[in-house]
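Quick note on my numbering: the sequence shown kicks off at 77 and runs consecutively.
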Amino acid sequence: GSDGRIESVSGDLTLHYRQSTPTRFQISITMKRIGPSKAVIAKVDSAKAVRYSEADIAKGVASAPQSVISFEESFRLVDSITENSDSAEAFRIFTSLKNALNMDPTKAKDVIAKINSIKDRDPSSRRRLSVLFGALAQAKDPGISNLLADQAETCPDNYCKIQAIAGVNSHPNPTPEALDKMLDISQKSTDVEIAGNALLAAGSAGSRMDNPGSELSDALIKTANDPQKIAIKAAAIAAMGNHGSTDYLPVLQKNLGDPSSTNRSAAAYSMRYIADPSVDKTLIGVLSTEKDQTVLRDTLKALDYRSLSAEDYDTISKKTLAISDPETQKIGARILVQAYREDPRLVESSLNAMAAAASDADVKAYIEDEMRKIKADRAAVAKPEGGE
77 GSDGRIESVS GDLTLHYRQS TPTRFQISIT MKRIGPSKAV IAKVDSAKAV RYSEADIAKG
137 VASAPQSVIS FEESFRLVDS ITENSDSAEA FRIFTSLKNA LNMDPTKAKD VIAKINSIKD
197 RDPSSRRRLS VLFGALAQAK DPGISNLLAD QAETCPDNYC KIQAIAGVNS HPNPTPEALD
257 KMLDISQKST DVEIAGNALL AAGSAGSRMD NPGSELSDAL IKTANDPQKI AIKAAAIAAM
317 GNHGSTDYLP VLQKNLGDPS STNRSAAAYS MRYIADPSVD KTLIGVLSTE KDQTVLRDTL
377 KALDYRSLSA EDYDTISKKT LAISDPETQK IGARILVQAY REDPRLVESS LNAMAAAASD
437 ADVKAYIEDE MRKIKADRAA VAKPEGGE
């Protein structure tokens, strides 16, 4: 309006989560300001305003009645968790622990002590450990990633170690020290599960750092090329995908021709974040030459992360239809459907052609149903107020 305020909003908001899976949430929004007709400014007597520090605010929040329980109460309730406990209650305990750790990271040592006090590994005990490790993994303080990395070395058994390594893998602010410890564990451990998961954690940690250093890239490339490390080669390749550095492109391209379909699959999927325009054509080329369905599916999943052209989508449509497996075809169809949802002009002709040529009835029905829903959603958003 004339006073600078927004009168109305209409459009789509798409949230694309980079981590783990190419998950997108799309929300159609239509809003219109209904009043007041003039801007209203709250009148505040600044002379009477009370200034609060962050500590005052935290103290007030901590003392206010709320559904989130205290740190001490959370500890008591952890012991009540069983394999049959309600998920909402377990999540409430986890959330309380996480919030307490974010307010006071020194409490992390108490959580570690609690973890070490749980000696059993029955389903109920494992669920308690999962809640405790989960709270540590989601706490923001970088130092907590170091505690998790230390725990990965000192835990008495594989279950505990894997939980600690997974915590480093998902920690929002891992330190270089935690990353280095993951690399150290991956090279020293003779247990394939431990070593492989440590590599994956190192790759994920590196992706969350502005400059993880060349040691990470060097270590992953060296491991993937080491014939003595064949048991964790696929994990090293997958860790490259978690990190996403262009340093890995030659190694990944080479391993697209590896005799092992597991390694080929890992190499294809690990190209998803590589910021090099040649990757798109390389992955699309795999759709023509590869015969293994798992590799083909992971190639398509990698392509779903890429920013593709209309020509690329048309090629994917044709090459996907040439693959006989219906499940693989459906993954290709999903990629085009998602692109259609974001920009119909980019893929509409390719998607229509794919639906017309699809030999599998389920794939054909899926495309037609999704296109119908998307068109209806867009029509509803575009319909003017009061329109029929």
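Heads up, the beta-carbon is just placed ideally off N, CA and C, and yes, glycines get one too. Keep in mind it's a predicted model, so treat the numbers as computed, not measured.
Our two residues, Gly-243 and Ile-308, have alpha carbons roughly 20 Å apart in a direct line.
A check of alpha carbon separations from Ala-278 across Pro-303, Ala-314, Ile-306 and Gln-304 identifies Ala-314 as the nearest.
Taking 8 Å as the upper bound for CB-CB distance, Gly-317 and Arg-340 are not in contact here, some 13 Å apart.
The bridge partners DSSP lists for Val-154 come to none. Bounds of the alpha helix (DSSP H) holding Leu-372 are 369 to 379. The C-beta separation of Ile-169 from Val-187 comes to about 12 Å, leaving the pair out of contact by the 8 Å criterion. The criterion of a C-beta distance shorter than 8 Å is satisfied by Tyr-389 and Ala-415. Counted as a single uninterrupted DSSP element, the alpha helix (DSSP H) harbouring Leu-276 occupies residues 268 to 283. In this structure, DSSP gives Val-126 a state outside helix and strand, which the three-state scheme calls coil. Setting aside the 5 residues that flank it on each side, Val-327 is surrounded in the same chain by Ile-297 and Ala-300, each with a C-beta closer than 6 Å to its C-beta; the list follows chain order.
Around Asp-374, the same chain offers Ser-341, Ala-344 and Tyr-345 as residues with beta carbons nearer than 7 Å, after the five sequence neighbours per side are excluded. For Ala-434, the closest alpha carbon among the candidates Ala-312, Glu-291 and Thr-396 is that of Thr-396. Between the alpha carbons of Pro-335 and Glu-366 lies a distance of about 12 Å. A Cβ-Cβ contact shorter than 8 Å links Ile-241 with Asn-273.
Here DSSP, grouped into helix, strand and coil, assigns Ala-310 to helix. Considered as a whole, the stretch 227 to 261 harbours 234 to 246 as its complete alpha helix (DSSP H) runs of no fewer than 4 residues, in chain order.
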